[in-house]
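Under our numbering, the first residue of the sequence shown carries the number 48, and numbering increases by one thereafter.
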Amino acid sequence: MAGDTIFVFSLLGIASILFASGRVRLDIVALLVVLALALSGTLSVREALSGFGDPVVILVAGLLIVGESITRTGIAHSIGNWIAQRAGESETRLLVLLMLAAAVLGSIMSSTAVVAIFIPIVLNIAGKTNLNASRLLIPLSFGALISGMLTLIATTPNIVVSEELADAGFKPFSFFSFTPIGLGALAVAIVYFLLLGRRLLPGGKESPPKDVVRGMRDLMGEYGISPDDNWWFRVRAGSSMAGRRLGDLDLSREYAARVVGLERVERFGSSIRAAPGPEVVLRAGDVIALQAPPESLARLVDENNLERTPIGERDIARWIRELGLATVLIHPESGMIGSTLRESNLRSRYGVHVLGVRHKGEVLADYQERKLQAGDALLVLGPWKKIGALQATTHDFLVLALPVEMKEVAPARAQAPAAVAILLGMVVLSAFEIVPVVMAVLLAAMAVIFTRILSMQEAYRVMNWSSLVLIAGMLPIAKALDRTGGVDLIVDGMISGVGDAGPYAMMTAIFFVSAGLGLFLSNTATAVLMAPIAIAAAEALKVEPYAFAMTVAIAASAAFATPVSTPVVTLVVEPGRYRFLDFVKVGVPMLILTWIVTLLVTPLVFPF
Numbered sequence: 048m049a050g051d052t053i054f055v056f057s058l059l060g061i062a063s064i065l066f067a068s069g070r071v072r073l074d075i076v077a078l079l080v081v082l083a084l085a086l087s088g089t090l091s092v093r094e095a096l097s098g099f100g101d102p103v104v105i106l107v108a109g110l111l112i113v114g115e116s117i118t119r120t121g122i123a124h125s126i127g128n129w130i131a132q133r134a135g136e137s138e139t140r141l142l143v144l145l146m147l148a149a150a151v152l153g154s155i156m157s158s159t160a161v162v163a164i165f166i167p168i169v170l171n172i173a174g175k176t177n178l179n180a181s182r183l184l185i186p187l188s189f190g191a192l193i194s195g196m197l198t199l200i201a202t203t204p205n206i207v208v209s210e211e212l213a214d215a216g217f218k219p220f221s222f223f224s225f226t227p228i229g230l231g232a233l234a235v236a237i238v239y240f241l242l243l244g245r246r247l248l249p250g251g252k253e254s255p256p257k258d259v260v261r262g263m264r265d266l267m268g269e270y271g272i273s274p275d276d277n278w279w280f281r282v283r284a285g286s287s288m289a290g291r292r293l294g295d296l297d298l299s300r301e302y303a304a305r306v307v308g309l310e311r312v313e314r315f316g317s318s319i320r321a322a323p324g325p326e327v328v329l330r331a332g333d334v335i336a337l338q339a340p341p342e343s344l345a346r347l348v349d350e351n352n353l354e355r356t357p358i359g360e361r362d363i364a365r366w367i368r369e370l371g372l373a374t375v376l377i378h379p380e381s382g383m384i385g386s387t388l389r390e391s392n393l394r395s396r397y398g399v400h401v402l403g404v405r406h407k408g409e410v411l412a413d414y415q416e417r418k419l420q421a422g423d424a425l426l427v428l429g430p431w432k433k434i435g436a437l438q439a440t441t442h443d444f445l446v447l448a449l450p451v452e453m454k455e456v457a458p459a460r461a462q463a464p465a466a467v468a469i470l471l472g473m474v475v476l477s478a479f480e481i482v483p484v485v486m487a488v489l490l491a492a493m494a495v496i497f498t499r500i501l502s503m504q505e506a507y508r509v510m511n512w513s514s515l516v517l518i519a520g521m522l523p524i525a526k527a528l529d530r531t532g533g534v535d536l537i538v539d540g541m542i543s544g545v546g547d548a549g550p551y552a553m554m555t556a557i558f559f560v561s562a563g564l565g566l567f568l569s570n571t572a573t574a575v576l577m578a579p580i581a582i583a584a585a586e587a588l589k590v591e592p593y594a595f596a597m598t599v600a601i602a603a604s605a606a607f608a609t610p611v612s613t614p615v616v617t618l619v620v621e622p623g624r625y626r627f628l629d630f631v632k633v634g635v636p637m638l639i640l641t642w643i644v645t646l647l648v649t650p651l652v653f654p655f
């Protein structure tokens, strides 16, 4: 074995140890690999840095932007809420719907983001029922992992393997090349969890009721307020308030009342405005949310010809999408100390209304003209954007609590149709090969920016830069292995070991070597290393390379056996209270089942 080959294998071994140790950031390890390849002369500086200009990096960056548009417009959360409604208290229905939704959503957006979105939904359902979240979160994460087996853009290893085929002179995989194998793995996984897998998970089917994370209702209850109170009123055609500016009505002085929200029927539906300002002109038919003392509220309604409007759960849920809450604490050095709420003018300064005040734990009934003191806790209401901005305000008050609903708020909900259209356009352009996949994704990412679902600054913020650097840094290692003869050495070893047993035996070897590497390396690094080896093995056996290349991609996504192989699985460890052995017990059978599906289905789609 030549010295440069020994060097590359040693470098790969050291990188693997650092990856597995978790003591050094993955992106730093990748950059160290780049430096070592360049400084040792194994690759030129241009070659060592070539990964940063690889189309794979651009493609992954674009997919992060497109995936964020699905989250930001509320599409993913709407799907989660739909699942919660359909599943009810049935563990079986919930398990199946969660795995299907995670797989489908993960095939077009980040599977890590999908799991992050669904974890609070699962915990919320478990909190409201007797279902055990520990029997649901691992199936959720496995469904998200299998999403990587469904489409070309579902996960980076698929793209890496496809690009490697193209670089070797073969036709790359198409958008749906992975789908038959992925659907087979998903069907087997669902059946596995229904029949056996969930019984291997910790805890019984039911668990005692548990406290739910505080939501808006909980925060309001702490201040003696109920959203079911008669807050909502319709402005009748003959009302003295119709056609007048809120600032001219002076409801605060006359009735100690404030309009904290307004819903107006528009041409194409209704719009909700949180904490409307004094310049807003009321119209007949508007529904307003009023806060006022009970005695003056009755007088306000009678004198201004308002109609009490019953509000159901769906109406409240619709308002919650626009109206946010937070509990804030008056800072000891705040300039608001000694001022009344009227004098502090929170509406114009911060865009929020105060719904209630607590002093030393006691709810104050009459707080409008009371002077604020250090340590007072205020319940404030306003648009979610303003509520989120309060966290950056530390000179007047500190944000004590934000409701769980804030995680579900979609700041670009109105642009959901545009996000769906962009996503479908990207899929069509990719699936029918109208343009190269990387161009389709780049067009979709730019469309997200041009439609203002995300600003350019926000797009840069959603980039997972550590992952992009990891990909770019590890891509040259495959080139180094090929140049120094490392690939041929590995292939010769595999051929001498299992080559005589035929292509199925080689597929098995490729699958388990790839899956084994995935326990220590990232799935992207695994694909970078194994894709050229799989293609070279196919050429050595004189068979088509597609089945072997597909095996690498599937195995790279089959990180079922440990909780540290991928963030998709790691995310559920803490909320599910899992131990390492829980993943071994459930994941090893799932890995074997995935191998069987790969062995049976892949050659049917891609004959040798």
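For glycine and all other residues, C-beta sits at the position ideal for the given N, C-alpha and C.
Because the structure is a prediction, the values reported are computed rather than measured.
Selection from the options that minimises the alpha carbon distance to residue i
| i | options | result |
| --- | --- | --- |
| V615 | V516, E301, L192 | L192 |
| S97 | A552, E591, M521 | M521 |
| A412 | A373, R346, L471, A303 | A303 |
| A201 | L393, L106, F66, T89 | L106 |
| V375 | L449, F189, F56, S317 | L449 |
| R119 | N570, L517, V495 | V495 |
| K639 | T617, G623, E210, A606 | The amino acid occupying residue 639 in the given sequence is Ile; Lys does not appear at that position. The residue with the shortest Cα to Cα distance from I639 is A606. |
| L501 | Q338, S158, S116 | S116 |
| G403 | G60, R305, A585 | R305 |
| G127 | L147, T139, A108, L110 | L147 |
| L144 | W642, R264, L187 | L187 |
| F655 | I643, L588, G623, R346 | L588 |
| R417 | H400, G398, E390 | E390 |
| R300 | R311, F444, F280, L347 | L347 |
| T571 | L515, K632, V620 | L515 |
| I643 | A49, A236, I166 | A236 |
| L372 | G268, L528, Y414 | G268 |
| L489 | S57, S63, V103 | V103 |
| M637 | M383, S137, G244 | G244 |
| V467 | T498, Y397, E586 | T498 |
| V282 | S343, A345, S209, T356 | T356 |
| D366 | T387, R311, G332, E350 | Before going further, note that residue 366 is Trp rather than Asp in the sequence given. Among T387, R311, G332, E350, the Cα nearest to that of W366 belongs to R311. |
| I168 | T139, W129, R140 | W129 |
| I112 | I518, L470, P341 | L470 |
Cβ neighbours of residue i in the same chain (closer than 6 Å, five flanking residues each side left out)
| i | result |
| --- | --- |
| P256 | Low per-residue confidence applies at P256: pLDDT is 42, beneath 50, and the placement is therefore not dependable enough to give any value. |
| A85 | V92, A95 |
| R736 | Nothing about residue 736 can be reported from this structure: the residues present for the chain run from 48 to 655 only. |
| H406 | D423 |
| G634 | F607, A608 |
| V327 | L293 |
| A149 | V161, L187, G190, A191 |
| G250 | N179, S181 |
Residues of its chain near residue i, where Cβ-Cβ distance is below 8 Å and the 5 sequence neighbours each way are ignored
| i | result |
| --- | --- |
| T598 | M554, I557, F558, S561, A581, T645, T649 |
| L628 | none |
| A213 | P219 |
| I166 | L184, L187, L618, V619, P622 |
Nonlocal neighbours in the same chain, by C-beta distance under 7 Å from residue i, ignoring five residues either side
| i | result |
| --- | --- |
| A487 | M473, L476, S477 |
| D51 | T89, T531 |
| L65 | V71, V76 |
| T226 | L197, T198 |
| G114 | M156, S157, A160 |
| A523 | Here residue 523 is Pro; the residue named in the question, Ala, does not match the sequence. Hits under 7 Å: V81, L84, L90, E94, A95, S97, G98. |
| R394 | A322, H400 |
Nearest-angstrom beta carbon gap, residue j and residue i [assumed within contact, 8 Å]
| i | j | result |
| --- | --- | --- |
| V207 | A491 | Between A491 and V207 the Cβ distance is about 20 Å, and since that is not below 8 Å, they are no contact. |
| Y270 | V410 | 6 Å |
| L388 | Q415 | 6 Å |
The ligand COA heavy atom lying under 8 Å from the CB of residue i
| i | result |
| --- | --- |
| M156 | The ligand content of the structure shown is nil, which means the ligand COA is not present either. |
Three or more C-beta pairs below 8 Å linking the stretch 193-209 and the stretch 222-235: Enough Cβ pairs lie closer than 8 Å, so yes.
At least 3 beta-carbon pairs within less than 8 Å: the stretch 566-576 vs the stretch 148-156: Pairwise C-beta distances place the stretch 566-576 out of contact with the stretch 148-156, as fewer than three of them are shorter than 8 Å.
Any beta strand (DSSP E) of 3 or more consecutive residues that is wholly inside the stretch 527-614: Taking only runs of at least 3 residues, no beta strand (DSSP E) segment lies wholly in the stretch 527-614.
Whole alpha helix (DSSP H) elements within the stretch 127-213, 4-residue minimum: Considered as a whole, the stretch 127-213 harbours 138-153, 158-175, 184-194 as its complete alpha helix (DSSP H) runs of no fewer than 4 residues, in chain order.
3 or more residues per run - each beta strand (DSSP E) lying fully within the stretch 391-478: You should have 400-406, 424-430, 444-448.
Ordered list of alpha helix (DSSP H) runs contained in the stretch 86-123, each at least 4 residues: Counting only runs of at least 4 residues, the stretch 86-123 fully encloses the following alpha helix (DSSP H) elements, listed from N- to C-terminal order: 92-95, 102-119.
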